[in-house]
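**Student:** For the record, in the sequence shown the residue sitting at position 344 is 343 according to numbering that gives the first Met the number 0, with numbers rising by one throughout. Every residue gets a Cβ at the ideal spot worked out from N, C-alpha and C, and that includes glycine.
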Amino acid sequence: MAEMNNNAVKAGPGEPLLKVEDLEVVYTSRQEVVQAVNHINFEVRRGETLGIVGETGAGKTTTAYSIMRILPDRTAKILNGKIIYEGEDLLTLPENVMRNTIRGEKIAIIFQDPMSALNPIMRIGDQIAEALKYHNKEDLTPEQISEKVDQTLELVGIQKGRRYDYPHQLSGGMKQRVVIAIALVCEPELIIADEPTTALDVTIQAQVLAMIDELRETLGTALILITHDLGIVAQMCDNVAIMYAGEIIENGTVEDIYSGKMQHPYTTGLFGSLPDLEKKTDRLSPIDGLMPDPTDLPKGCKFNPRCPRCMDICREQTPPEIVDGTHRVACHLYAGMGQAAKAAEQVKEEA
Ligand code: SF4
């Protein structure tokens, strides 16, 4: 499950597939430093789905690009942290090792916009085959590659005869299916889906998501699903990490987050802005205010200027991380609660 702890890791049986530790990423532009990701920690186990949820600008995509090591060279800088994949820190690997053995082969990414992810002047079958040829670890013959392209197209619900089509001959949903086919063809252990349905019509969003979920289950692939939609998370994820202003402010199992117990006020705000089909309301309740300027983050809790429950301490001190079983929340409201408080009470009772 997703964790916010900061202990060093060693590879070994039962270790998570991916462990992100104390990751800090900044973008620099002229005189400004944008604090995009601020010391986040989480992990993903084999076959598990982690939903990373938050508004635009929360640092979700920067986190994904850091894992893939595809951040823009000139402006982005990973200042701190480790990204441990199968016991190895991806941040220490040479670029050619990333390109040849990790990116596309072990970890694949599905981008938001299928149109910019596909080559407009290349037939879709060739684009799928290209990924396979590049990572041809099984020494497949050209015929076997061709057969695998057909199989992968059918797996994502596209007739194999369409392999000769160019991207512009396909609908938005079909293009995204091709992007998913490219991600799947090398049978990666982990897929990062970065808002995979944002660019699609509402009518086909559900189809594409259902397909990703089905494929993930059939192939046993772990999935990091980046989204701002809590409804999608409830349907597809085992664990959830809520991001705000570059930090993970709450995480846990889906049950932890949806139970409403020890809920971070930002998470409460996200739930409040969802339409409730059982209640007749004239207006939704959005979270007041805007995400803070990432070049000038507020002191104390980063959510304090928008928080309806803000206290004096919130403007001064970084909130403590309260842990209760699999549930972690960073908020002053719950200071003195959680596992540590329970353990202290038990010690007192026993004394
Ligand atoms: Fe609100 Fe304070 Fe909790 Fe931040 S720490 S979410 S400001 S109550």
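Any idea if G103 is buried or exposed, counting beta-carbon neighbours within 10 angstroms, 16 or more meaning buried?
**Tutor:** On the sequence shown, residue 103 is found 104 positions in, with the first residue counted as 1. The residue in question, G103, is buried, as its Cβ has 16 or more Cβ neighbours within 10 Å.
**Student:** Would DSSP call L89 helix, strand or coil?
**Tutor:** Indexing the sequence shown from 1 puts residue 89 at position 90. If DSSP states are grouped into helix, strand and coil, L89 belongs with the helices.
**Student:** Taking the Cβ atom as the reference point for each residue, do A130 and I181 lie within a distance shorter than 7 Å?
**Tutor:** Along the sequence shown, one-based indexing puts residue 130 at 131. Along the sequence shown, one-based indexing puts residue 181 at 182. I181 is positioned such that its CB atom lies closer than 7 Å to that of A130.
**Student:** Beta carbon of L332: closer than 6 Å to some heavy atom of the ligand SF4?
**Tutor:** Numbered from 1 along the sequence shown, position 333 holds the residue referred to as residue 332. At least one heavy atom of the ligand SF4 lies closer than 6 Å to the C-beta of L332.
**Student:** With 16 other CB atoms within 10 Å as the buried threshold, where does L189 fall?
**Tutor:** By 1-based counting over the sequence shown, the position of residue 189 is 190. Per the 10 Å Cβ criterion, buried.
**Student:** Are there 16 or more other CB atoms within 10 angstroms of the CB of A1, so buried, or fewer, so exposed?
**Tutor:** By one-based count along the sequence shown, residue 1 stands at place 2. Annotation note: pLDDT 41 at A1 (below 50); position unreliable, no value reported.
**Student:** For V32, which residues from the same chain have a beta carbon less than 7 Å from its beta carbon, with the 5 sequence-adjacent residues on both sides left out?
**Tutor:** Locating residue 32 in the sequence shown gives position 33, counting from the first residue. Hits under 7 Å: V25 and T294.
**Student:** Check whether the Cβ atoms of G271 and A35 sit closer than 7 Å, and answer yes or no.
**Tutor:** Locating residue 271 in the sequence shown gives position 272, where the first residue counts as 1. Locating residue 35 in the sequence shown gives position 36, where the first residue counts as 1. Contact flag unset, no.
**Student:** Excluding the 5 residues flanking V8 on each side, which residues of the same chain have their C-beta closer than 6 Å to its C-beta?
**Tutor:** Here residue 8 corresponds to residue number 9 of the sequence shown, with the count starting at 1. Note that V8 scores a pLDDT of 37, beneath 50, so its modelled location is shaky; the value from the coordinates is reported in the next line. Contacts found: K18 and I83.
**Student:** Using a Cβ distance threshold of 8 Å, determine whether the region 100–116 contacts the region 168–176, with at least three qualifying pairs required.
**Tutor:** yes
**Student:** How many whole angstroms separate the CB atoms of I66 and L89, which I take to be in contact at a CB cut-off of 8 Å?
**Tutor:** By 1-based counting over the sequence shown, the position of residue 66 is 67. By 1-based counting over the sequence shown, the position of residue 89 is 90. Yes, I66 and L89 are in contact; Cβ-Cβ is about 7 Å, under 8 Å.
**Student:** Quick one: residues in its chain with C-beta nearer than 7 Å to the C-beta of D255, no 5 flanking neighbours on either side, listed in chain order?
**Tutor:** By one-based count along the sequence shown, residue 255 stands at place 256. T325 and H326, listed in sequence order.
**Student:** Would you grab the beta carbon distance between Q316 and G299 for me? Rounded to a whole angstrom, and I think it's under 8 Å.
**Tutor:** Here residue 316 is taken as the residue at index 317 of the sequence shown, counted from 1. Here residue 299 is taken as the residue at index 300 of the sequence shown, counted from 1. So it is a contact: roughly 5 Å between Cβ atoms.
**Student:** Using the rule of at least 16 other Cβ atoms within 10 Å of the residue's Cβ for burial, across every protein chain shown, is L16 buried or exposed?
**Tutor:** Taking the sequence shown and counting its residues from 1, the one referred to as residue 16 is at position 17. By the neighbour-count rule (16 or more Cβ atoms within 10 Å), L16 is buried.
**Student:** Could you check whether the Cβ of R327 sits closer than 6 Å to any heavy atom belonging to the ligand SF4?
**Tutor:** Position 328 of the sequence shown, counting from 1, holds the residue named residue 327. Checking every heavy atom of the ligand SF4 against the Cβ of R327, none is found closer than 6 Å.
**Student:** Just to confirm before moving on: does the CB-CB distance between M210 and G56 stay below 7 Å?
**Tutor:** The sequence position of residue 210 within the sequence shown is 211, counting from 1. The sequence position of residue 56 within the sequence shown is 57, counting from 1. Between M210 and G56, the CB-CB gap reaches or exceeds 7 Å.
**Student:** What does the alpha-carbon distance come out to for the pair A128 and V155?
**Tutor:** Indexing the sequence shown from 1 puts residue 128 at position 129. Indexing the sequence shown from 1 puts residue 155 at position 156. The straight-line gap from Cα to Cα measures roughly 15 Å.
**Student:** In terms of residues, what are the limits of the alpha helix (DSSP H) holding V155?
**Tutor:** Stepping through the sequence shown from its first residue, residue 155 is reached at position 156. Run containing V155: none; DSSP gives neither H nor E here.
**Student:** My output table needs one value for S284: the three-state DSSP class, helix, strand or coil.
**Tutor:** For this step, residue 284 is matched to residue 285 along the sequence shown. Three-state DSSP puts S284 in coil, outside helix and strand.
**Student:** Say the cut is 6 Å; is the CB of N118 nearer than that to a heavy atom of the ligand SF4?
**Tutor:** In the sequence shown, the residue the question calls residue 118 occupies position 119. No, the ligand SF4 has no heavy atom inside 6 Å of this Cβ.
**Student:** Identify the residues that DSSP records as bridge partners of E20: which are they?
**Tutor:** The residue labelled residue 20 in the question sits at position 21 within the sequence shown. Looking at the DSSP assignment, E20 forms a beta bridge with K81.
**Student:** Taking 6 Å as the cut-off, is the C-beta of Q318 nearer than that to any heavy atom in the ligand SF4?
**Tutor:** Residue 318 sits at position 319 when you count from the first residue of the sequence shown. In the sequence as presented, Gln is not what sits at residue 318; that position holds Pro. Under cutoff, so the answer is yes.
**Student:** Fully enclosed by the region 282–340, which alpha helix (DSSP H) runs are 4 residues long or longer?
**Tutor:** 311–315
**Student:** Reducing DSSP to helix, strand and coil, say where I256 ends up.
**Tutor:** In the sequence shown, residue 256 corresponds to position 257, counting from 1. If DSSP states are grouped into helix, strand and coil, I256 belongs with the helices.
**Student:** Leaving out five residues on either side along the sequence, give the residues of the same chain with a beta carbon under 7 Å from the beta carbon of I144.
**Tutor:** Locating residue 144 in the sequence shown gives position 145, where the first residue counts as 1. In its chain, beyond the 5 residues on either side, A128, L131 and K132 have a beta carbon closer than 7 Å to the beta carbon of I144.
**Student:** How close, in whole Å, do the beta carbons of G80 and E23 come, if the pair is a contact with beta carbons under 8 Å?
**Tutor:** Within the sequence shown, residue 80 is the residue found at index 81, counting from 1. Within the sequence shown, residue 23 is the residue found at index 24, counting from 1. 6 Å between Cβ atoms; contact.
**Student:** Rounded to a whole number of angstroms, what is the C-alpha to C-alpha distance between K341 and Y257?
**Tutor:** Looking up residue 341 in the sequence shown gives position 342. Looking up residue 257 in the sequence shown gives position 258. Their backbone Cα atoms lie some 22 Å apart in a straight line.
**Student:** Run through DSSP, which three-state label would G230 get?
**Tutor:** Counted from its first residue, the sequence shown places residue 230 at position 231. Helix.
**Student:** Determine the burial state of T140: buried for a count of at least 16 other Cβ atoms within 10 Å of its Cβ, exposed for fewer.
**Tutor:** For this step, residue 140 is matched to residue 141 along the sequence shown. It is exposed - the Cβ of T140 has fewer than 16 other Cβ atoms within 10 Å.
**Student:** Helix, strand or coil for A35, going by three-state DSSP, please let me know.
**Tutor:** Residue mapping note: residue 35 aligns to position 36 of the sequence shown, counting from 1. Note: A35 maps to strand in three-state DSSP.
**Student:** Buried or exposed, going by whether 16 or more other CB atoms sit within 10 Å of the CB of T217?
**Tutor:** As a working mapping, residue 217 is identified with position 218 in the sequence shown. Burial call: exposed.
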